Amino acid sequence: DADLNSGSITEEQAKARRADIGQEAEFYGSMDGASKFVSGDAIAGIIITIINIAGGIVIGTMMQGMKINEALSTYTLLTVGDGLVTQIPSLINAISAALLITKSTSKSSLGKDLSAQLLTVPKALGMAAGILFIFGLIPGMPKIPFFLMSALFAFLFNVTRKASASGMAVANSVKEITAENTTRQLGEPEDEFESLLQVDRMGIEVGYKLVPLVDPKKAGGVLSRINSLRKQLARDLGIIIPPIRLRDNLQLPSNGYSIKIKGQVVDKGELMPDCYLALGDEETDPIEGIKTTDPAYGLPGVWITESKKESAAAVGYTVIDPTSVLVTHLTEVIKTHAYEIITREDIQKLIDATKKDSPTLVNELTPAVLTLGVVQEVVKNLLREKISVTDFVTILETLIDHAPTTRDPEALTEFVRQRLCRALCGQYQSESNKLSTISFEPGLEQEIINSVHDMGNRSVLALEPNYAQRIIDAIVETVRNVSVTSNSAVLLTSSSLRSHIRKLTETAIPYLPVLSYKEIAPGVQIESLGIVSLTNEN
């Protein structure tokens, strides 16, 4: 299941492995039960043998007048002979029980199982023929039955050996014919090439030195961490992260890796598999190691050996193992690009899951009211700004409420954001329930509002490029000034401008949240830290 979740195997391979494990578990369970009866029967046989020998000695010496040596020899021989005779039906029972036990774990017929287990290995038949022939040569043994059985097994050995040899020859010839046909018909489409057209929605490729990190058999490795990560992101983002396929790529640097979305590289990084990443700040004392940059957050760091791990932590460094570095980087990439991953199928799964608890709501969501594509665009807009869609019921209710007036995804997104105001403010406000903000100078904000024009069902912000760049520079300068006192300031503006300002700043300041006044939840205190103005009077 872990390999299936990570994308290392297909659904068919997972089913085959589950069937093999189930068959093996059932077989050992049956053998465990049978061994208890076999052990009891063996102990009983030993006790009976001892009683027969002791009783025979007593009867021979006291009732028949034999000497002890003579009685011991006679009754020991009789006891062993009787034991051998009685073991013949026991042997037959054991063979029958073995056949039934192995048959209970198979879905095919008994004849197919017997032929598959007895006739597929020619060497076993040859050994059986030789052993039976040797038994026939022993003096006192019945020669005709042993010789006949030996001849039968020798015949089967010869037939299966020839069949096996011819099968290999046929297989080789088929491979040659297939290769020849493939060479002649390179331009013709084949079914197996369809799999090459499928693009993994998410994937990680690693250099050859990082292959041990992604080994599925490694406890606590990347594979198990990815499974836990997918569950955590499902709780945080409200969407199901698709399986993440792990591959090696010899074209990458030996210590390098790349994270792909829909077959395209979105980010890269390098790891030192035998070292640890130490992250500090400006006040932390320098430490000896290989300087690098944290791939997830862009912070300066140092790769150190395991021997320096404790000393680095003692002086204030945060020490991270390579697996955690990769998983943390993957987490940030997924959060940033979640809107690129989600598909209509994912939206349909969310709707189906919501229908279990809110059937009336989902039944009201028909294509005549709102199409699946519009719902997907709204969800993508929310994820683009790292807003969780966990409260999918509220999202659907808002969309259905406003669908009669507009079907523009941008406008519907703004309505949904206003309904999710508590979650938005809670994401950015401090522990003291304060929301640190910057806002536009009233005159500047009015000028920007006047530049918004309606184009059919959509509104467009039409600013002269140089003027737009001056606004961006003013926002960057204000954010730089307030970052000294607060690291989580948001830009506050009117609801009609919010989406336009977000698009205006997402390239220069992608980390700056933009909220509208209507998205401030009741009870949240606003702390103004700066004013964006073109006069540099911030």
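Sequential numbering of the sequence shown, starting at 166, is according to our numbering. Every residue, glycine too, gets a C-beta built ideally from N, C-alpha and C. As the structure is a computational prediction, the values presented were derived from the model and not from experiment.
For this session: Tell whether a beta-carbon distance below 8 Å holds between Thr555 and Gly403.
Result: Contact flag set, yes.
Problem set entry | Segment contact flag, the segment 430–437 with the segment 494–502, C-beta cutoff 8 Å, min 3 pairs | When Cβ pairs closer than 8 Å are counted between the two stretches, the segment 430–437 is seen to touch the segment 494–502, the count reaching three or more.
For this session: Tell whether a beta-carbon distance below 8 Å holds between Leu561 and Leu585.
Result: No, these two residues do not count as a Cβ contact at 8 Å.
For this session: Please determine, among Glu235, Ala576 and Ile685, the residue with the shortest C-alpha to C-alpha distance to Ala588.
Result: Among Glu235, Ala576 and Ile685, the Cα nearest to that of Ala588 belongs to Ile685.
Problem set entry | Coil, strand or helix - Gln429 by DSSP | Three-state result, Gln429: strand.
For this session: Can you say whether Val335 is buried or exposed, counting buried as having 16 or more other CB atoms within 10 angstroms of its CB?
Result: Note on Val335: pLDDT 46, under 50, position unreliable in the model; no value is reported.
Exercise. Who are the Cβ neighbours of Arg509 in its own chain at under 6 Å, not counting the five residues just before and after it?
Worked result: Leu537 and Gln541.
For this session: Evaluate contact between the segment 373–382 and the segment 406–424, counting only Cβ atoms and requiring at least three cross-stretch pairs below 8 Å.
Result: Three or more beta-carbon pairs separated by less than 8 Å link the segment 373–382 to the segment 406–424, which places the two stretches in contact.
Exercise. For Tyr137, which three-state DSSP category applies?
Worked result: Outside the displayed span of the chain (166 to 703) sits residue 137, for which this structure offers no information.
Problem set entry | Helix, strand or coil at Glu629 according to DSSP, with G and I counted as helix | In the structure shown, Glu629 falls within a coil segment according to DSSP collapsed to helix, strand and coil.
Problem set entry | Own chain, CB closer than 7 Å to Tyr373, minus 5 neighbours either side, in chain order | If we look at Tyr373 and ignore the five residues flanking it on each side, its Cβ neighbours are Asp413, Leu415 and Ser419.
Exercise. If you follow the alpha helix (DSSP H) that Pro487 is part of, which residue opens it and which one closes it?
Worked result: Element bounds for Pro487: Pro487 to Ile506.
Problem set entry | Cβ pair count under 8 Å reaching 3, the segment 563–578 against the segment 518–535 | Verdict: yes, contact present.
For this session: Count the C-beta pairs between the segment 595–604 and the segment 692–702 that are closer than 8 Å, then say yes if the count reaches three, no if not.
Result: Flag = yes, the segment 595–604 and the segment 692–702 touch.
Exercise. What are the uninterrupted segments assigned as alpha helix (DSSP H) that are 4 or more residues long and contained completely in the segment 613–696, given in chain order?
Worked result: The segment 613–696 contains these whole alpha helix (DSSP H) runs: 630–647 and 663–670.
Exercise. Quick check: the segment 473–487 against the segment 444–458, are there 3 or more CB pairs under 8 Å?
Worked result: Taking 8 Å as the limit for Cβ pairs, the verdict is that the segment 444–458 does touch the segment 473–487.
For this session: Go through the segment 518–588 residue by residue and report every complete run of the alpha helix (DSSP H) that reaches 4 residues or more, in order.
Result: Counting only runs of 4 or more, we get 524–529, 537–549, 557–567 and 574–584.
For this session: State the Cα-Cα distance for the pair Ala704 and Pro630, rounded to the nearest angstrom.
Result: The first residue shown for the chain is 166 and the last is 703, placing residue 704 beyond what the model contains.
Problem set entry | Range of the contiguous beta strand (DSSP E) that encloses Glu475 | Taken as a continuous stretch (DSSP letters only), Glu475 belongs to no beta strand (DSSP E), being part of the alpha helix (DSSP H) at Lys474 to Ala479.
Problem set entry | Alpha-carbon to alpha-carbon, Phe318 and Met292 | Rounded to the nearest angstrom, the two C-alpha atoms are 9 Å apart.
Problem set entry | Candidates Val689, Tyr422, Val558 and Pro678: closest to Ser595 by CA position | Ranking Val689, Tyr422, Val558 and Pro678 by Cα distance to Ser595 puts Val689 first.
For this session: Could you check which residue in Lys520, Asp573, Asn528 and Ala289 has the C-alpha nearest to that of Val544?
Result: Of the residues Lys520, Asp573, Asn528 and Ala289, the one whose Cα lies closest to the Cα of Val544 is Asp573.
Problem set entry | Ile485 beta carbon less than 8 Å from that of Leu417 | No, Cβ-Cβ distance for Leu417 and Ile485 is not below 8 Å.
Problem set entry | Identity of the residue in Ile216, Asn217 and Leu237 nearest Thr226 by Cα | Per the Cα distances, Leu237.
Exercise. So which of Lys500, Ile309 and Ile216 has the shortest CA-CA distance to Arg549?
Worked result: That would be Lys500, whose Cα lies nearest to the Cα of Arg549.
Exercise. Quick one: Cα of Ile613 to Cα of Arg663, how far?
Worked result: Roughly 11 Å separates the two Cα atoms.
Problem set entry | Cα-Cα separation between Val480 and Glu448, rounded to whole angstroms | Rounded to the nearest angstrom, the two C-alpha atoms are 10 Å apart.
Exercise. Which term fits Ile109, buried or exposed, when burial requires 16 or more other beta carbons within 10 angstroms of its beta carbon?
Worked result: Outside the shown range of the chain (166 to 703) lies residue 109, about which nothing can therefore be said.
Problem set entry | Sequence-distant residues of its chain with Cβ nearer than 6 Å to Asn622 (five each side left out) | Only residues of its own chain outside the window of five on either side were considered, and among them Asp573 have a CB closer than 6 Å to the CB of Asn622, listed in chain order.
Exercise. Where Leu626 and His665 are concerned, what is the direct C-alpha to C-alpha distance, given to the nearest angstrom?
Worked result: Taking the CA atoms as reference points, Leu626 sits about 6 Å from His665.
Exercise. Mind checking whether Glu505 and Lys425 have CB atoms under 8 Å apart?
Worked result: The answer is no: Cβ separation not under 8 Å.
For this session: Could you tell me if Leu730 is buried or exposed, where buried requires 16 or more neighbouring beta carbons within 10 angstroms of its beta carbon?
Result: In the structure displayed, the chain extends from 166 to 703; residue 730 sits before or after that span and is not available.
Problem set entry | Which of helix, strand or coil DSSP assigns to Ser389 | Ser389: helix per DSSP, three-state reduction.
Exercise. Name the DSSP bridge partner or partners of Ser601?
Worked result: Per DSSP, Glu692.
Exercise. Ser419 by DSSP, collapsed to three states: which one?
Worked result: Three-state result, Ser419: coil.
Exercise. First and last residue of the alpha helix (DSSP H) that includes Met292?
Worked result: Judged by DSSP secondary structure, Met292 falls within the alpha helix (DSSP H) whose first and last residues are Pro287 to Leu302.
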